[in-house]
Amino acid sequence: MRRLPFIAALGLLAAPAFADDAPASAQHQFIEENCGKCHNATDWAGSLAFDTIDVDSPDKDSAVWESTVRKLRGRLMPPPGEKQPSSQSVDGFVKWMEGRLDAAAKEHVDPGTVVLHRLNRTEYAREIEDIFGLPVDVTTILPKDVSSDGFDNVAATLQISPSFIEQYISAARNVARQAVGRIQVRAGTHIYRQPGNDQRYQVAGLPLGTRGGMVVEHNFPVDGEYSFFIRDFHFGGAGYVNRVDHPHRVILLIDDERMFEQTVGGPEDLKAID
């Protein structure tokens, strides 16, 4: 029966040194006993004086308290040779301070600062394509971006100088001419020849389910009426015309929109050619 009070006393000693709602005086006492002997306004060890810092408002000196928490958690402070607090008291103070720092961080979120900077070449090209639907080769109209640690979108390196302004104005004129188009332009012809790829299989860039064909990228200078000539046949030896023995479905797509579709080849076309 006499062991019960002794066990209860041990339980009290093993309790955490600080609760989440522990009074600030306990935190002051921990700092004063374990840190304040060296880190004070007189000794100024490590250029740190805890007697000039408010323990009750850790958000005012969050960098100092975060460093303190890391050193206490790693048992780096107090230094070897000095009187060491119990692990329970250290863990209790660390838990209490982390809770105060986290709460302060949620109440006072620091959005940081963004340095005023220009777009890099990749961003510029994407913006032009999003606005005008116009692909632009920025390597021919804008200077190369300076990279920092392998990144070319760092604000500190994307500064504006008089020479950059001149080059961007020139690039803007170039883009504007392409976006608006040329009012006075002569009729012309562009010929795109089929590359020497295998027409028995699906071609990259064309819809699934198709076989053969070709993909070209053409920028029309002005709005108007355009004629397309698709020469799917070609003459072989001895006057023989290929690709008319069997019917084929020919489809013309412009910006993924089906503009023309017709079956060519087969007995009727073969007879007409003969």
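To convert, take the position in the sequence shown, counting from 1, and add 8; that gives the numbering used here.
Glycine is no exception: its CB is placed at the ideal position from the N, C-alpha and C atoms.
Opening and closing residue of the alpha helix (DSSP H) in which residue i lies
i: Gln186; result: Pro170 to Val188
i: Ile259; result: That residue, Ile259, is in no alpha helix (DSSP H); its beta strand (DSSP E) goes His256 to Ile262.
i: Ala49; result: Looking at the DSSP string, Ala49 is not in any alpha helix (DSSP H), and its letter there is neither H nor E.
i: Ser70; result: Ser70 to Arg81
i: Glu233; result: It is not in any alpha helix (DSSP H) - Glu233 carries neither H nor E in the DSSP assignment.
i: Glu131; result: Arg129 to Phe140
Boundaries of the beta strand (DSSP E) in which residue i is found, first to last residue
i: Glu265; result: Glu265 to Val272
Exposure of residue i, with buried meaning 16 or more beta-carbon neighbours within 10 Å
i: Leu150; result: buried
i: Asp59; result: exposed
i: Trp73; result: buried
i: Trp104; result: buried
i: Asp263; result: exposed
i: Ala42; result: Ala is not the amino acid found at residue 42; the sequence shown has Asn there. Asn42 is buried by the Cβ-count criterion.
i: Pro255; result: exposed
i: Gln192; result: exposed
i: Val230; result: exposed
i: Gly217; result: exposed
i: Ile177; result: exposed
i: Pro87; result: exposed
i: Ser155; result: exposed
i: Gly273; result: buried
i: Gly196; result: exposed
i: Pro119; result: exposed
i: Thr148; result: exposed
i: Leu142; result: exposed
i: Pro93; result: buried
i: Ala280; result: exposed
i: Asp51; result: exposed
i: Asp153; result: buried
i: Ser97; result: buried
i: Thr76; result: buried
Sequence-distant residues of its chain with Cβ nearer than 8 Å to residue i (five each side left out)
i: Ala246; result: Because Ala246 sits at a pLDDT of 49, beneath the cut-off of 50, its placement in the model cannot be relied upon, and the point is left open.
i: Asp69; result: Ile61 and Asp62
i: Leu260; result: Phe236, Ile238, Arg266, Met267, Phe268 and Glu269
i: Tyr209; result: Arg219 and Gly220
i: Gly44; result: Phe58 and Asp59
Residues that DSSP places opposite residue i in a beta bridge
i: Ser97; result: According to DSSP, which records beta bridges pairwise, Ser97 is partnered with nothing at all.
i: Ser33; result: DSSP lists no partner for Ser33.
i: Gln210; result: Gly220
i: Phe159; result: Ser156
Beta-carbon proximity check, residue i vs residue j, cutoff 7 Å
i: Arg81; j: Val63; result: no
i: Phe140; j: Ala187; result: yes
i: Val224; j: Tyr200; result: yes
i: Val277; j: Val252; result: A small correction: the amino acid at residue 277 is Asp; Val does not occupy that position in the sequence shown. Closer than 7 Å, so yes.
i: Gly221; j: Val211; result: yes
i: Val144; j: Ile136; result: yes
i: Asn48; j: Ala57; result: yes
i: Met85; j: Lys91; result: no
Beta-carbon contacts of residue i that lie in its chain and below 7 Å, excluding the five residues immediately before and after
i: Val146; result: Arg129, Tyr132 and Ala133
i: Pro170; result: none
i: Leu214; result: Gly221 and Val223
i: His198; result: His226
i: Ile15; result: Unreliable placement is indicated for Ile15, whose pLDDT of 34 sits below 50; the coordinate value is still reported in the next sentence. None.
i: Arg190; result: Pro229 and Val230
i: His36; result: Val63
i: Pro275; result: none
Sequence-distant residues of its chain with Cβ nearer than 6 Å to residue i (five each side left out)
i: Arg108; result: Pro66
i: Ile168; result: Arg126
i: Gln324; result: Nothing can be reported for residue 324: it is not among the residues displayed for the chain, which extend from 9 to 282.
i: Phe38; result: Phe101
i: Ala112; result: Asp67
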